[in-house]
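Since the structure comes first, as structure tokens, the remarks are kept for the end.
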Amino acid sequence: MKKTMALCSTLSSFADPSAAPRDIFWWNSAIMACFRNGDVEKAHKMFDEMPHRNLVSWNCMVTGYVQNRRILDAQRVFDSMPKRNVVSWTALMTGYLRVGRVEDARNLFERIPERNVVCWNSLISGYVNNGRIGDARKLFDEMPKRNSSSWSSMISAYIREKHLDEAVRLFNQSPFRSTSLYNALLSSYVELGCIKEAEDLFSKMETRDAISFNSMLTCYSRAGKMELAKQLFDEMPVKDVVSWTAIVRGYLQNGNVAQAFALFDEMPIRDLMSWNTMMSGFIQNGMLDEACNLFDEMPERDIVSWNTILQGYISKNDILSARRWFESMPKRSETSWNALISGCQSEDALALFCEMVRAGFKPNQGTFVAVLSVCASLVSIVCGIMVHVRVLRTGYEHDTCVMCSLITMYSQCGLVDDSVRVFDRMLKRDTIAWNAMISAYAYHGLATEVLRLYESMIQSGFHPDHVTFLNLLLACSHKGLIDEGCRCFQSMQEEWGIVPKAEHYSCVVDLLGRSGFIEQAYRFTQKVPEKLQKNAWETLLSACRVHGNLELGELTARRVLGGENSDGGLYVQLSNIYAAKGKWGEASNVRALMEEHGLKKEIGCSWIEVKGKVLSFVSNDHKHRDHQVDQMCRELDQISFMPE
DNA sequence: TGAAGGTGCC
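Using UniProt numbering, the first residue of the first sequence is number 1, and each one after it goes up by one.
As structure tokens, then:
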């Protein structure tokens with residue numbers, strides 16, 4: 001608040017130089033204002049021009065350069081300072097920490113003549129931001145005196161790392177327990193879906209503000225407990241726009257669009273956020289037309305409103321309309337580009353990425369995640385590496401999300417060693433990062449590595465989730481590690497309390513079926529909760545085909561064929577089982593039945609990257625004449641007949 | 001009096 005007022009008076013005296021005397025305060029504030037606007041050169045010029053400088057003026061220069069990531073300039077100013085105080089040291093140290101020069105920061109810290117609580121806090125948060133929570137904790141324990149900032153940075157660091165046990169332990173020891181810290185802990189429980197813990201904490205709070213209530217609203221909404229959410233909402237002493245929006249969002253996420261819209265209508269105050277929430281709720285529920293109507297009715301629109309409709313077209317997979325909408329937008333943001341890039345899973349996405357950069361937009365986390373996922377699905381390593389270079393150049397090399405996308409991209413392009421290199425260099429790892437690496441190994445069938453990495457994940461104190469176990473099961477299944485796989489499936493439920501999804505059941509069926517234990521797989525599938533059986537039966541059918549088990553194949557086919565979602569592939573599998581047994585009549589009957597249902601099997605397609613171009617081909621494909629298809633076939637023949 | 005360094009939620 002103070003800063004804002006100072007800035008306002010500074011700006012108004014810029015407009016009218018006679019309004020305020022140009023004393024040293026004026027100069028110092030003006031310099032900071034320039035730095036805050038990113039106008040580094042102007043700040044520098046003013047510093048040169050000012051008639052008198054004091055220690056604060058010099059500190060402003062160090063801070064300003066640090067804020068604009070110009071560390072060398074900050075260092076130069078620091079070195080030429082006539083006098084320094086602890087603020088000067090702290091400012092430069094923060095600069096080092098911001099660009100990841102943690103050891104330099106530590107050395108500087110050791111040299112500070114008179115340390116105060118702020119410079120201790122700066123180094124602690126610097127360690128935290130560089131993923132070195134252990135070092136942060138050591139420093140925290142060594143501190144001669146701690147203030148509320150010290151406690152809150154340490155506790156929120158544990159919260160952000162999802163080390164909630166440690167966060168709570170410290171929180172209980174802390175002499176400062178502000179509502180905002182309570183709220184941080186509360187929202188973290190909410191994010192992790194720990195309803196019981198959130199409820200307990202909420203009931204213990206001495207004072208609750210709108211944020212506390214709103215977090216609890218979100219908590220109940222996410223858990224699908226809309227009655228409890230509505231009850232809390234009705235009890236709230238003061239409802240703000242966020243509360244109204246939270247309850248509307250809750251109904252939307254739980255598919256109750258009518259109730260959401262009714263409440264939206266009742267809202268006493270609607271700002272843009274509520275309109276945008278309602279609109280994106282329509283889109284989440286597949287109601288693009290309704291969203292468009294709302295868009296037309298809105299009193300004013302911002303870039304989020306435009307992006308929401310764009311996202312609507314993309315989630316309908318209508319890339320053409322998305323593209324047209326994108327062209328018609330009065331303004332675009334990085335989010336608009338990201339949405340469009342993630343929408344087209346083809347080479348067009350890579351062209352768009354280049355176009356975005358040329359148009360002067362800075363790729364951000366979402367951009368890299370989207371474009372790397374396209375590189376991965378196109379198995380385009382040349383583009384993948386180009387994007388990786390840009391990641392490094394734009395300072396995203398320590399972004400956990402982007403690193404996960406790189407791990408996946410390298411793995412899907414066949415370079416699992418590069419995935420490992422990225423994973424090893426990560427400063428901060430979360431469950432998703434461990435999952436990405438485990439999945440990279442699983443994708444390459446490296447079951448031993450998968451199990452080893454899982455062990456170290458647990459030892460590092462991370463909680464596995466349903467994705468972790470899916471990968472463990474996949475890896476075990478591919479390597480025929482039946483005992484390990486079954487143990488995983490058991491531990492998932494008993495040790496970690498994770499309820500298996502349809503994919504997990506299918507994996508177990510695959511695990512048993514692949515190794516020829518068809519009857520066990522059949523008995524297992526019968527015990528799968530009925531709603532989740534469909535995929536398991538399909539997996540079983542495929543195992544019956546591989547092992548030529550006609551009897552169980554027929555039994556299984558009866559469970560899946562003719563159902564709502566049965567596709568051509570299933571008929572083909574059954575037909576192949578008959579064909580393998582020489583039962584040509586039955587085989588062609590099944591094919592006929594399939595045609596009767598108007599089904600076709602989609603043609604399988606493969607692709608390869610040659611000199612940076614992705615070429616796709618199907619079986620018996622002769623369209624790549626210009627790529628010397630005859631020579632390729634001769635080469636393949638030679639390889640196939642080579643003695644082993 | 002005011003300008004410089006650290007922390008914080010839906």
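Idealized CB from N, CA, C, for every residue including glycine.
A quick note: this is a predicted structure, and the numbers were derived from the prediction, not measured.
Thinking I195 and C219 are a contact (beta carbons under 8 Å), I'd like their distance in whole angstroms, please. 6 Å
Taking only three categories from DSSP, how would you classify I341? Residue state for I341 is assigned as helix, using DSSP reduced to three classes.
Are the beta-carbon atoms belonging to V509 and T468 less than 8 Å from one another? no
Under 8 Å, with one C-beta from each stretch per pair, do the stretch 422–432 and the stretch 400–409 reach the 3-pair mark? Flag = yes, the stretch 422–432 and the stretch 400–409 touch.
What is the DSSP secondary structure of G126, reduced to helix, strand or coil? helix
What is the C-beta distance between G553 and S515, in whole angstroms, given that I count them as a contact (C-beta under 8 Å)? Actually they do not touch by this definition, with Cβ atoms about 17 Å apart.
Apart from the five residues just before and just after I71, which ones in its own chain have a Cβ nearer than 6 Å to its Cβ? G95 and V99
Short check: CB of L352 to CB of W337, under 8 Å? In this structure, W337 lies closer than 8 Å to L352 by Cβ.
What span of residues does the alpha helix (DSSP H) with S333 cover, start to end? Here S333 belongs to no alpha helix (DSSP H), and DSSP marks it neither H nor E.
If you check the beta carbons only, do L372 and E347 fall under 8 Å apart? no
When the distance is taken between beta carbons, is R545 closer than 8 Å to N589? no
Residue range of the alpha helix (DSSP H) that F361 falls in? Premise fails: F361 is in no alpha helix (DSSP H) and is neither H nor E.
Runs of 4 residues minimum, wholly inside the stretch 277–321: which ones carry the alpha helix (DSSP H) assignment? 288–297 and 303–315
With a CB to CB cut of under 7 Å and the five nearest residues on each side skipped, what residues in its chain are close to M267? W244 and S274
Figure out for me which residue from I498, S149, A210 and S148 has the closest Cα to the Cα of H463. I498
Under the three-state reduction of DSSP, which class applies to Y182: helix, strand or coil? The answer is helix: DSSP assigns Y182 an H, G or I state.
Which ranges does the alpha helix (DSSP H) cover as unbroken runs of at least 4 residues, wholly within the stretch 129–156, from first to last along the chain? Whole alpha helix (DSSP H) segments, 4+ residues: 133–142.
Whether or not the stretch 521–532 and the stretch 480–497 are in contact is what I'm after, with contact meaning three or more pairs of Cβ atoms, one per stretch, closer than 8 Å; do they touch? No, they do not touch.
Classify K239 as buried or exposed, calling it buried when 16 or more other Cβ atoms lie within 10 Å of its own Cβ. With 16 or more other CB atoms across the displayed protein chains lying within 10 angstroms of its CB, K239 is buried.
Please classify G126 as buried or exposed, where buried requires at least 16 neighbouring CB atoms within 10 angstroms. buried
Where does R591 fall in DSSP's three states? If DSSP states are grouped into helix, strand and coil, R591 belongs with the helices.
In whole angstroms, give me the CA-to-CA distance for S57 and N293. Straight across, the Cα-Cα distance linking S57 with N293 is about 55 Å.
Spatial neighbours of A198 in its chain, beta-carbon cut-off 7 Å, leaving aside the 5 residues before and after: L186, Y189, V190, M216 and C219
Can you tell me whether DSSP reads W89 as helix, strand or coil? helix
In whole angstroms, what is the alpha-carbon distance linking D465 and I432? About 9 Å.
Out of F524, A184, S148 and Q311, which has the shortest C-alpha to C-alpha gap to Q173? S148
Measuring CA to CA, which of R222, T179 and L228 is closest to M205? T179
Considering only residues of the stretch 531–584, which uninterrupted beta strand (DSSP E) runs meet the minimum length of 3 residues and lie entirely inside it, listed in chain order? none
Closest to G395 by CA distance: which of P363, M409, S405 and K230 is it? P363
Assign N172 to one of three DSSP states: helix, strand, or coil. helix
Does the stretch 470–487 come close enough to the stretch 440–448 that 3 or more CB-CB pairs lie under 8 Å? yes
By Cβ distance below 8 Å, which residues in the same chain neighbour D302 in space, the five residues on each side in sequence not counted? Only L272 and N276 meet the Cβ criterion.
First through last residue of the alpha helix (DSSP H) which encompasses I458: A447 to Q459
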